[in-house]
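K.L.:
After the structure tokens below, expect a handful of questions from me.
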Amino acid sequence: MNHFTCVQDIGDLQSALQKAKYIKENPFADQHLGKNKTLMLIFFNSSLRTRLSTQKAGMNLGMNVIVLDINQGAWKLETGRGVVMDGDKPEHILEAIPVMGSYCDVIGVRSFAQFENKADDYNEVILNQFIQYSGKPVFSMEAATRHPLQSFADLITIEEYKKTARPKVVLTWAPHPKALPQAVPNSFAEWMNATDYEFVITHPEGYELDKKFVGKAIVEYDKEKAYRNADFIYAKNWSAYRDPNYGKVLNMDKSWTVDTRKMALTDNAFFMHCLPVRRNMIVTDEVIESPQSIVIPEAANRVVSAQTVLKEILLEL
Ligand code: AN0
Ligand code: CP
């Protein structure tokens, strides 16, 4: 593997799941692969899980790890070409990227959608500049439109907990006070569509995702109907995708909060969320604390997904 930004980059899913299983059982078996190799993790946005799990994955593989928070101590980066740089940004990303690339062997990048220009977000302008100008393999730690390390961990978790070969997996929108990107739901949909699961997306009118990511999923506006017989409820908030409301919060309808009443409609479904989660907005205390909540093992699998991807990248170096 060279770059890792979406489901296609992992290749055959069954084989990727086998590799992940091996890594989970033998986390230190590949330490030789990362010897004298430097992993650089660049964050344009906050993180708890991605930062820690990706560092841990790199260390398990014997790599040296450098982490940089662009907004805490680095120079503010200009990203537009042709800009007269007389404002508050002393450095251009077109110098910063190759410099960062010269200090490492593999680069992870977190760069959320900025909601300023939909085309820039959906063309992954920042992530693609890293791919183009760093000279190194690049992997996404959540970019503008996808969060593939999260989706891979989600898939691993579903495979571990599923009770039937083709579980019914439901992605449900849930309310949140701030505008969040579509990256997590887009990516989750992309990975679920690569499986043979029954996959349903439910959300209020106005929160339709990009058709490219919805793919063959069933979109069901009636949430009670969507929850019925579900094996997994995967909750996430996202802001509107469609124009003219791109990046906007259209409502905070609490009838979409995942609660025990709706969970009772399911087939004793497991509750999943990528975290961080706002309790009693997205999900009630009761549901997230219930035995059916698998958010902690889901987060723990972030080490496994990151290590599987990093190992594949190291094998190609
Ligand atoms: C981010 C998002 O919704 O994309 C990161 C989730 C992993 N969440 C927040 O900003 C709260
Ligand atoms: N799920 C996830 O990516 O969490 P962080 O934003 O804390 O990294």
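Note that the numbering used here has the sequence shown beginning at 706, numbered continuously upward.
We put the CB at the ideal spot given by N, CA and C, even for glycine.
1. Could you spell out the range, first to last residue, of the alpha helix (DSSP H) harbouring Asn-1006?
2. Assign Tyr-902 to one of three DSSP states: helix, strand, or coil.
3. Can you check DSSP and say which residues form a bridge with Asp-774?
4. Say yes only if the C-beta of Glu-895 is nearer than 8 Å to one or more non-hydrogen atoms of ligand 2, and no if none qualify.
5. Leaving aside the five residues before and after Trp-896 along the sequence, list all residues of the same chain whose C-beta is less than 6 Å from its C-beta, in chain order.
6. What residue range is occupied by the uninterrupted alpha helix (DSSP H) comprising Ile-993?
7. Does Gln-736 pass the burial test, meaning 16 or more other C-beta atoms within 10 Å, or should it be called exposed?
8. Can you tell me whether Gly-778 is buried or exposed, with buried defined as 16 or more other CB within 10 angstroms of its CB?
9. Under the criterion of a Cβ to heavy atom distance below 8 Å, does Thr-869 qualify as lining ligand 1?
10. What number of angstroms, rounded off, separates the C-alpha of Leu-799 from the C-alpha of Leu-782?
11. Using a threshold of 8 Å, is the CB atom of Arg-851 nearer than that to any non-hydrogen atom of ligand 1?
12. Mapping the DSSP letters down to three states, classify Ile-812 as helix, strand or coil.
13. What does the Cβ neighbour count give for Phe-904, buried or exposed, with the cut at 16 atoms within 10 Å?
14. Quick check on the DSSP output: the beta strand (DSSP E) that includes Lys-941 runs from which residue to which?
15. When the Cα atoms are used, what is the spatial distance from Lys-742 to Leu-832?
16. Which residue wins for smallest C-alpha separation from Val-1008, given the options Tyr-727, His-708 and Tyr-808?
17. From Met-957 to Val-814, what does the alpha carbon distance come to, in whole angstroms?
18. Nearest to His-908 by CA position, among Ile-802, Leu-753 and Trp-878, is which residue?
19. Could you check how far apart the C-beta atoms of Tyr-912 and Val-874 are, in whole angstroms? I think they sit under 8 Å.
20. Can you tell which of Ala-940, Ala-894 and Arg-851 has its C-alpha closest to the C-alpha of Ala-974?
21. How is Phe-820 classed by DSSP in three states: helix, strand or coil?
22. With contact counted as at least three CB pairs below 8 Å, one residue from each stretch, are the region 837-849 and the region 786-803 in contact?
23. For Arg-754, which of Leu-1019, Cys-979 and Glu-994 has the nearest alpha-carbon?
24. Could you tell me if Gln-685 is buried or exposed, where buried requires 16 or more neighbouring beta carbons within 10 angstroms of its beta carbon?
25. Taking C-beta to C-beta, are Ser-816 and Ala-858 nearer than 9 Å?
26. Check the C-beta distance from Phe-709 over to Phe-918 and give it rounded, since I have them as a contact under 8 Å.
27. Checking the sheet assignment: what are the DSSP bridge partners for Lys-873?
28. Using DSSP with H/G/I as helix, E/B as strand and the rest coil, what is Thr-759?
P.N.:
Taking the structure as given:
1. For Asn-1006, the uninterrupted alpha helix (DSSP H) segment begins and ends at 1000-1021.
2. coil
3. Asp-774 pairs with Phe-748.
4. no
5. Val-712, Ser-856 and Leu-860
6. Counted as a single uninterrupted DSSP element, the alpha helix (DSSP H) harbouring Ile-993 occupies residues 990-993.
7. exposed
8. Residue environment: Gly-778 is assigned as exposed (fewer than 16 neighbouring CB atoms within 10 Å of its CB, all protein chains considered).
9. Result no, Cβ not under 8 Å from ligand 1.
10. 9 Å
11. no
12. The three-state reading of DSSP puts Ile-812 in strand, counting E and B together.
13. Phe-904 comes out buried.
14. Looking at the DSSP string, the run of the beta strand (DSSP E) that includes Lys-941 is 937-941.
15. 22 Å
16. Tyr-727
17. Take the alpha-carbon of Met-957 and the one of Val-814: they are about 31 Å apart.
18. Answer by Cα proximity: Trp-878.
19. In fact, because the Cβ distance is near 18 Å, the residues do not count as touching under 8 Å.
20. Taking only the C-alpha atoms, the option nearest Ala-974 is Ala-940.
21. coil
22. The answer is yes - the region 786-803 touches the region 837-849, with three or more Cβ pairs under 8 Å.
23. With respect to the C-alpha of Arg-754, the residue from Leu-1019, Cys-979 and Glu-994 having the closest C-alpha is Cys-979.
24. The shown model of the chain, from 706 to 1022, leaves out residue 685, and the question about it has no answer.
25. no
26. In fact, because the Cβ distance is near 18 Å, the residues do not count as touching under 8 Å.
27. According to DSSP, Lys-873 shares a beta bridge with Glu-903.
28. Under the three-state reduction of DSSP output, Thr-759 falls in the helix class.
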